[in-house]
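Chains as they are written, first to last, in the numbering used here: chain A, 30 to 251; chain B, 128 to 348.
Don't be surprised by glycine CBs; every beta carbon is placed ideally from N, CA and C.
Here the structure comes first, spelled out in C-alpha cells, and everything after it is commentary.
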Amino acid sequence: MGALWALFRHDLRLARRIGGGGTTGVVFFLCLVTVVPFAVGPDLNLLSRIGPAILWIAALLSTLLGLDRLFGSDHEDGSLDLLRTAGTPLELVVAVKCLAHWCTTGLPLVLVSPVFGLMLALDGPSLGGVAATLLVGTPALTCLGAIGAALTVSLRRGGLLLPVLVIPLAIPVLIFGVSAAAAAGGGTVPFVTPFLALCGLTLLALAGTPFAAAAALRLTAE
Amino acid sequence: MTRPAPLTLAVAGLAAERGGRSVFADLSFAARGGEALGVVGRNGAGKSTLLRVLAGLLRPAAGRVALDPPDARDPDAPVGERAHYLGHLDALKPALTPLDHLEAAAALLGRGGGRGAPSGGPAPATPDEALDRVALGHAADLPCATLSAGQRRRVALARLLVAARPLWLLDEPSTALDLGSQAVLRGMMRDHLAAGGLIVAATHGPLGLDGTRELRLERRA
Numbered sequence: 030m031g032a033l034w035a036l037f038r039h040d041l042r043l044a045r046r047i048g049g050g051g052t053t054g055v056v057f058f059l060c061l062v063t064v065v066p067f068a069v070g071p072d073l074n075l076l077s078r079i080g081p082a083i084l085w086i087a088a089l090l091s092t093l094l095g096l097d098r099l100f101g102s103d104h105e106d107g108s109l110d111l112l113r114t115a116g117t118p119l120e121l122v123v124a125v126k127c128l129a130h131w132c133t134t135g136l137p138l139v140l141v142s143p144v145f146g147l148m149l150a151l152d153g154p155s156l157g158g159v160a161a162t163l164l165v166g167t168p169a170l171t172c173l174g175a176i177g178a179a180l181t182v183s184l185r186r187g188g189l190l191l192p193v194l195v196i197p198l199a200i201p202v203l204i205f206g207v208s209a210a211a212a213a214g215g216g217t218v219p220f221v222t223p224f225l226a227l228c229g230l231t232l233l234a235l236a237g238t239p240f241a242a243a244a245a246l247r248l249t250a251e
Numbered sequence: 128m129t130r131p132a133p134l135t136l137a138v139a140g141l142a143a144e145r146g147g148r149s150v151f152a153d154l155s156f157a158a159r160g161g162e163a164l165g166v167v168g169r170n171g172a173g174k175s176t177l178l179r180v181l182a183g184l185l186r187p188a189a190g191r192v193a194l195d196p197p198d199a200r201d202p203d204a205p206v207g208e209r210a211h212y213l214g215h216l217d218a219l220k221p222a223l224t225p226l227d228h229l230e231a232a233a234a235l236l237g238r239g240g241g242r243g244a245p246s247g248g249p250a251p252a253t254p255d256e257a258l259d260r261v262a263l264g265h266a267a268d269l270p271c272a273t274l275s276a277g278q279r280r281r282v283a284l285a286r287l288l289v290a291a292r293p294l295w296l297l298d299e300p301s302t303a304l305d306l307g308s309q310a311v312l313r314g315m316m317r318d319h320l321a322a323g324g325l326i327v328a329a330t331h332g333p334l335g336l337d338g339t340r341e342l343r344l345e346r347r348a
C-alpha cells in the first residue's frame with residue numbers, strides 16, 4: 030500500500046514539475062471548443078444543440094494528447110524495468126499510474142467543461158449533464174488510452190499510432206456520453222438510461238485495463 | 128545475532144533468445160552469498176541479456192533461476208523481486224531530484240517499507256544516508272537534468288542502498304564514474320558481500336574485488 034501511494038505521489042510530482050500534463054490538455058480543450066463556432070458559424074441554436082458533442086469530442090482528443098508519455102518515458106529512461114522488479118504486481122502499478130494520469134489530465138477537463146460549455150450557449154441542465162458524463166466517462170477514455178499506450182510503448186513513433194488504436198475503442202463511450210449529456214438538456218430519452226450504460230462501460234474499462242495494459246507491457250517491453 | 132543460511136543463486140540450463148536468435152544456451156552456474164560473479168565477454172556475447180533474464184525482465188527460452196533459501200517474509204517472491212537491477216539506463220526523470228527518486232525507490236523496491244534487514248545484504252539506508260554515501264548530499268534537491276552523467280550514475284547506485292535486496296545485478300556499473308566514485312562503488316559492493324549478499328556484474332574491466340569469479344560468455348556464431 031505504501032509503495033502504491035509513493036508511486037502515485039511520484040507521478041503527481043512529476044506531472045507538476047514538468048508542468049505540461051493538465052494545463053496543456055486544458056488549453057488544447059479550449060482551442061478545440063473555440064474553433065468549432067468559427068467553423069459552423071454563430072448560430073446559437075445549432076451550437077447549443079451540438080454543444081455536448083463538441084465538448085465530448087474535444088475531451089476525447091485532449092485525453093489522447095498526453096497518453097503516449099504514460100508509459101513511453103518510463104520505457105525510454107529505464108524506470109519501467111524498476112517498476113517491473115518492484116514487489117508490487119504490475120497490474121496495480123498500471124492502475125495507479127492511470128489514476129495519477131487521470132487526476133492530472135482528465136479531472137481538469139471535467140472541472141473546466143461547464144465554463145467552456147457556456148461558450149457554446151449550453152443551458153444549465155446541459156452544463157451539468159456534460160460535466161457529469163465527463164466525470165464518469167473520462168476515466169474510461171484514460172483506461173482505453175492506457176492499453177494503447179502500453180501496446181505502443183516500444184515504438185519510436187507510437188504517439189501517432191496511439192490515436193488510431195484508441196479512437197475506435199472509444200466510440201461506445203462517446204455514443205453513450207454524448208447521448209446522456211444531450212438528454213440532460215431535454216428530449217425524449219431520460220438522462221439515466223444512457224448514463225447508466227456509460228457507467229457500465231467505465232466500470233468495464235476500469236476492471237479490464239490493468240490486466241490488459243500490464244500484459245501488453247510485459248509482452249512489448251521484452 | 129545468528130547468521131541466516133547463506134544464499135545460493137542457482138542457474139540451470141538457461142537459454143535466451145533475442146529476435147528469434149539464440150544468444151546463449153545451456154548455461155549453468157551457481158554463486159553463494161558473499162560471492163561476486165563477473166560476467167565477461169565480447170560485445171554482443173549476451174551479458175546484458177543474461178542480467179535481464181536473471182532479473183525476470185526477459186523470459187528465458189529454457190532453464191530456471193532460483194535464489195535459495197526463499198525470502199522469509201514472502202516465500203513465493205520471484206528472483207527479480209529480490210534483486211536490484213541496474214541497467215545501462217539510470218531511470219531518472221530530468222525534472223525530479225535525486226531525493227524524489229530515492230524516496231520512491233525505497234517505497235517501491237523495499238519490502239513493506241520495513242527497515243529490518245532481510246537475509247543477505249546490509250540494512251537499507253535512508254535516502255539522505257545513501258546520497259551521502261555516493262557523495263551527492265549537496266545535490267539532493269537539484270533536478271536531475273542539471274547533473275552530469277557520472278552524478279546521475281551515482282544516484283542510480285544510491286538506489287541499491289535504500290532498499291535491501293540480496294542479489295545485485297549490475298550492468299556496467301562503473302560507466303561514467305570517476306576514480307573516486309569507482310572506489311565508492313567498490314566499497315558498496317564489499318559491504319554488500321560482507322553482509323552475505325550476492326553480486327552478478329557485467330563488466331569489461333576488473334571489478335576490483337577479491338575473490339571475484341569469472342563467468343565467460345562466448346559469442347555464438
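Exposure label - residue i; buried when at least 16 CB within 10 Å
{"i": "Glu345 of chain B", "result": "exposed"}
{"i": "Ile200 of chain A", "result": "exposed"}
{"i": "Thr134 of chain A", "result": "buried"}
{"i": "Glu341 of chain B", "result": "exposed"}
{"i": "Glu251 of chain A", "result": "exposed"}
{"i": "Pro300 of chain B", "result": "buried"}
{"i": "Thr63 of chain A", "result": "exposed"}
{"i": "Val207 of chain A", "result": "buried"}
{"i": "Pro254 of chain B", "result": "buried"}
{"i": "Gly146 of chain B", "result": "exposed"}
{"i": "Arg108 of chain A", "result": "The sequence given here places Ser at residue 108 of chain A; Arg does not occur at that position. So Ser108 of chain A counts as buried."}
{"i": "Pro71 of chain A", "result": "exposed"}
{"i": "Pro223 of chain A", "result": "buried"}
{"i": "Ser142 of chain A", "result": "buried"}
C-alpha distance - residue i paired with residue j, whole-angstrom precision
{"i": "Gly54 of chain A", "j": "Pro221 of chain B", "result": "21 Å"}
{"i": "His211 of chain B", "j": "Val122 of chain A", "result": "18 Å"}
{"i": "Asp298 of chain B", "j": "His331 of chain B", "result": "10 Å"}
{"i": "Pro205 of chain B", "j": "Leu184 of chain B", "result": "11 Å"}
{"i": "Ala243 of chain A", "j": "Pro137 of chain A", "result": "26 Å"}
{"i": "Arg186 of chain B", "j": "Val202 of chain A", "result": "36 Å"}
{"i": "Val311 of chain B", "j": "Leu112 of chain A", "result": "26 Å"}
{"i": "Gly215 of chain A", "j": "Pro154 of chain A", "result": "8 Å"}
{"i": "Asp103 of chain A", "j": "Asp152 of chain A", "result": "43 Å"}
{"i": "Ala193 of chain B", "j": "Leu191 of chain A", "result": "38 Å"}
{"i": "Pro239 of chain A", "j": "Arg313 of chain B", "result": "40 Å"}
{"i": "Val65 of chain A", "j": "Ala209 of chain A", "result": "21 Å"}
{"i": "Val165 of chain A", "j": "Leu140 of chain A", "result": "12 Å"}
{"i": "Gly239 of chain B", "j": "Pro202 of chain B", "result": "Residue confidence is low: Gly239 of chain B scores 47 on pLDDT, short of 50, so the model does not pin down where it sits. Its coordinate-derived value is still stated next. C-alpha separation (whole angstroms): 14 Å."}
{"i": "Gly188 of chain A", "j": "Val282 of chain B", "result": "30 Å"}
{"i": "Phe67 of chain A", "j": "Ser91 of chain A", "result": "19 Å"}
{"i": "Leu89 of chain A", "j": "Ile83 of chain A", "result": "10 Å"}
{"i": "Leu94 of chain A", "j": "Pro168 of chain A", "result": "15 Å"}
{"i": "Gly31 of chain A", "j": "Ala234 of chain B", "result": "6 Å"}
{"i": "Ala179 of chain A", "j": "Phe100 of chain A", "result": "6 Å"}
{"i": "Gly174 of chain A", "j": "Val195 of chain A", "result": "6 Å"}
{"i": "Cys132 of chain A", "j": "Phe37 of chain A", "result": "10 Å"}
{"i": "Asp217 of chain B", "j": "Val144 of chain A", "result": "43 Å"}
{"i": "Asp259 of chain B", "j": "Leu320 of chain B", "result": "20 Å"}
{"i": "Leu119 of chain A", "j": "Gly237 of chain A", "result": "14 Å"}
{"i": "Gly241 of chain B", "j": "Arg247 of chain A", "result": "Low confidence applies here, because Gly241 of chain B scores a pLDDT of 39, under 50, leaving its location unreliable; read the following figure in that light. Near 28 Å, if we compare the C-alpha coordinates of Arg247 of chain A and Gly241 of chain B."}
{"i": "Gly157 of chain A", "j": "Ala213 of chain A", "result": "8 Å"}
{"i": "Thr117 of chain A", "j": "Ala232 of chain B", "result": "12 Å"}
For residue i, the residue or residues it bridges with in DSSP
{"i": "Leu297 of chain B", "result": "B:Leu213, B:Ala328"}
{"i": "Phe145 of chain A", "result": "Answer by DSSP bridge pairing: none, since Phe145 of chain A is not bridged."}
{"i": "Ser149 of chain B", "result": "B:Glu144"}
{"i": "Asp195 of chain B", "result": "B:Thr135"}
{"i": "Phe156 of chain B", "result": "B:Val138"}
{"i": "Ala163 of chain B", "result": "B:Ile326"}
{"i": "Leu178 of chain B", "result": "In DSSP, Leu178 of chain B forms no bridge with anything."}
{"i": "Arg340 of chain B", "result": "B:Leu164"}
{"i": "Ala189 of chain B", "result": "B:Ala142"}
Assumed close pair residue i, residue j - CB separation to whole angstroms, cut-off 8 Å
{"i": "Asp106 of chain A", "j": "Leu219 of chain B", "result": "7 Å"}
{"i": "Leu76 of chain A", "j": "Leu147 of chain A", "result": "That belief does not hold up - the Cβ atoms of Leu76 of chain A and Leu147 of chain A are roughly 11 Å apart, past 8 Å."}
{"i": "Ala285 of chain B", "j": "Leu229 of chain B", "result": "6 Å"}
{"i": "Thr224 of chain B", "j": "Leu269 of chain B", "result": "6 Å"}
{"i": "Ala163 of chain B", "j": "Leu334 of chain B", "result": "6 Å"}
{"i": "Leu226 of chain B", "j": "Ala267 of chain B", "result": "5 Å"}
{"i": "Ala182 of chain B", "j": "Gly207 of chain B", "result": "5 Å"}
{"i": "Gly237 of chain B", "j": "Ala322 of chain B", "result": "16 Å between Cβ atoms; not a contact."}
{"i": "Ser155 of chain B", "j": "Ala139 of chain B", "result": "5 Å"}
{"i": "Phe205 of chain A", "j": "Ala226 of chain A", "result": "5 Å"}
{"i": "Val182 of chain A", "j": "Thr249 of chain A", "result": "5 Å"}
heavy atom of the ligand NAP below 7 Å from residue i C-beta
{"i": "Ala234 of chain B", "result": "This structure lacks the ligand NAP, and indeed carries no ligand of any kind."}
**Request:** Go through the stretch 128 to 195 of chain A residue by residue and report every complete run of the beta strand (DSSP E) that reaches 3 residues or more, in order.
**Result:** Counting only runs of 3 or more, we get nothing.
**Request:** Scan the stretch 199 to 242 of chain A and note each continuous alpha helix (DSSP H) run of 4 residues or more that stays entirely inside, going in chain order.
**Result:** none
**Whole runs of the beta strand (DSSP E) within the stretch 243 to 290 of chain B, excluding any shorter than 3 residues** = none
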